[in-house]
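Those letters in the sequence shown? Residues 282 to 332, per the numbering used here, in order.
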Amino acid sequence: MKINIKSIRYGAFILTVGNICSQLLGFVYRIALIRLIGSEGMGLFQLIFPF
């Protein structure tokens, strides 16, 4: 079975773009959450949901 290098590069590119989009959405979510619940609430949030 021959591995198609073009297909592997395309898949890696799609995964990279998806990861960048996911990180940006998480960043925006965190900024909105901090503005909503404040710094004390964010500290409690990070205690409850460690990543």
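In this text, a Cβ means the ideal position worked out from N, Cα and C, and glycines have one as well.
- For L314 and M323, the gap between their C-alpha atoms comes out near 8 angstroms.
- In the structure shown, I312 adopts helical secondary structure according to DSSP, grouped into three states.
- Here I318 really is in contact with F326; their C-beta atoms are around 7 angstroms apart, less than 8 angstroms.
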